[in-house]
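*Asks:* Input: one structure, supplied below.
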Amino acid sequence: MSYYELSTLDTVIFGAGKASPGIEAWVGAGKGRLLGAWGTDIGSLNRVFLLRGFDTLAEMMDERERALRSDNPFGCTELLTRLTMESYRAFDFLPPVEPGSFGPVYEFRTYKTKINGIMPTMGKWAEAVPPREAYSKLTVAMYGLDGEPRVTQIWPYASLAARAEARAKSVADGKWPPKGGPDWLSPEMTSQIALPLPFSPLK
161 MSYYELSTLD
171 TVIFGAGKAS
181 PGIEAWVGAG
191 KGRLLGAWGT
201 DIGSLNRVFL
211 LRGFDTLAEM
221 MDERERALRS
231 DNPFGCTELL
241 TRLTMESYRA
251 FDFLPPVEPG
261 SFGPVYEFRT
271 YKTKINGIMP
281 TMGKWAEAVP
291 PREAYSKLTV
301 AMYGLDGEPR
311 VTQIWPYASL
321 AARAEARAKS
331 VADGKWPPKG
341 GPDWLSPEMT
351 SQIALPLPFS
361 PLK
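For the sequence shown, the positions run 161 to 363 when the numbering used here is used.
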């Protein structure tokens, strides 16, 4: 998998669970590989994140167009208030995302970079991620192919307490953030906590 799509489905109140069967059927009928499906628990609520992997850009764009031309994208239009589909590539040094049980608490962090900040950020992360993973695993870090220059990362944890411990210890030990990495970021940063939906391959 060379390309990733992160779709954000904002739903009506308590809509994530109700939308799940339609989302699962929609993804199953399309191209690409479903890697994860989550409902937000902290941050912007009533939100579903979908991560899918694609072998080619053409395959991903075909799937994007399928949604845009559909009268019922993701099988749950009646429950949706907003739909965003973003294209990404993983940082060059990372292996493909593989399903498994690594959570159940997943943190989604997005950083806007400086306009020319993608490659310097990737270089800093290449040095820092291996020692950082001694504290907790990284699912993926990826840069946007559309919209503003940005980096989105997904980190799984066994609990919120485990997240706090891993982050605090990696900082205290000088292993994170990447040395010089923040120099290439803008102050625009977001973080959301989400939990796997029943059909998510990443749990």
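Yeah, the Cβ is synthetic: ideal placement off N, Cα and C, and Gly gets one too.
Residues in the same chain with beta-carbon distance under 7 Å from Lys297, minus the five sequence neighbours each way, listed in chain order, please.
*Replies:* The residue labelled residue 297 in the question sits at position 137 within the sequence shown. These residues qualify, in order along the chain: Phe262, Pro316.
*Asks:* To the nearest angstrom, how far is the alpha carbon of Tyr303 from that of Trp344?
*Replies:* Within the sequence shown, the letter at position 143 stands for residue 303. Within the sequence shown, the letter at position 184 stands for residue 344. Their backbone Cα atoms lie some 13 Å apart in a straight line.
*Asks:* Counting along the chain, where does the beta strand (DSSP E) carrying Leu217 start and finish?
*Replies:* Position 57 of the sequence shown, counting from 1, holds the residue named residue 217. Unbroken run through Leu217 is the alpha helix (DSSP H), 217-229; no beta strand (DSSP E).
*Asks:* In chain order, what residues of the same chain lie with their CB nearer than 7 Å to the CB of Ile278, ignoring the 5 residues before and after it?
*Replies:* In the sequence shown, counting from the first residue as 1, residue 278 sits at position 118. The residues are Tyr303, Pro309.
*Asks:* Taking a contact to mean a Cβ-Cβ separation below 8 Å, would you say Ala185 touches Pro356 in this structure?
*Replies:* As a position in the sequence shown, residue 185 is number 25, starting the count at 1. As a position in the sequence shown, residue 356 is number 196, starting the count at 1. Taking 8 Å as the Cβ cut-off, Ala185 and Pro356 do not qualify as a contacting pair.
*Asks:* Could you tell me if Ile183 is buried or exposed, where buried requires 16 or more neighbouring beta carbons within 10 angstroms of its beta carbon?
*Replies:* Your numbering for residue 183 matches position 23 in the sequence shown. Ile183 should be labelled buried.
*Asks:* Which residue comes first and which comes last in the alpha helix (DSSP H) that contains Leu320?
*Replies:* The residue labelled residue 320 in the question sits at position 160 within the sequence shown. First-last of the alpha helix (DSSP H) with Leu320: 320-332.
*Asks:* Residues in the same chain with beta-carbon distance under 8 Å from Glu238, minus the five sequence neighbours each way, listed in chain order, please.
*Replies:* Within the sequence shown, the letter at position 78 stands for residue 238. Answer for Glu238: no residue qualifies.
*Asks:* Assuming Leu195 contacts Pro259 under a Cβ cut-off of 8 Å, what Cβ separation, rounded to an integer in Å, is found between them?
*Replies:* As a position in the sequence shown, residue 195 is number 35, starting the count at 1. As a position in the sequence shown, residue 259 is number 99, starting the count at 1. Their Cβ separation, rounded to whole angstroms, is 6 Å, which keeps Leu195 and Pro259 in contact under 8 Å.
*Asks:* Could you give the DSSP three-state label for Ile364: helix, strand or coil?
*Replies:* The chain is shown from 161 up to 363; residue 364 falls before or after that span and cannot be answered.
*Asks:* Could you spell out the range, first to last residue, of the alpha helix (DSSP H) harbouring Gly192?
*Replies:* In the sequence shown, counting from the first residue as 1, residue 192 sits at position 32. Counting along the chain, Gly192 falls outside any alpha helix (DSSP H), and DSSP gives it neither H nor E.
*Asks:* Would you please state the rounded distance, in angstroms, between the beta carbons of Tyr266 and Ile314? I believe it to be under 8 Å.
*Replies:* Mapped onto the sequence shown, residue 266 falls at position 106. Mapped onto the sequence shown, residue 314 falls at position 154. Yes, Tyr266 and Ile314 are in contact; Cβ-Cβ is about 6 Å, under 8 Å.
*Asks:* In whole angstroms, what is the alpha-carbon distance linking Thr216 and Gly192?
*Replies:* Position 56 of the sequence shown holds residue 216. Position 32 of the sequence shown holds residue 192. Taking the straight line from one Cα to the other gives about 9 Å.
*Asks:* Are the region 231-246 and the region 326-343 touching, with three or more C-beta to C-beta distances below 8 Å?
*Replies:* Judged by Cβ distances under 8 Å, the region 231-246 makes no contact with the region 326-343, as fewer than three pairs qualify.
*Asks:* Have a look at Ala179 and Asp333 and give me their C-alpha separation to the nearest angstrom.
*Replies:* As a position in the sequence shown, residue 179 is number 19, starting the count at 1. As a position in the sequence shown, residue 333 is number 173, starting the count at 1. Each residue's alpha carbon lies about 42 Å from the other.
*Asks:* Starting from Val300, trace the beta strand (DSSP E) both ways and give me its first and last residue.
*Replies:* On the sequence shown, residue 300 is found 140 positions in, with the first residue counted as 1. Residues 300-304.
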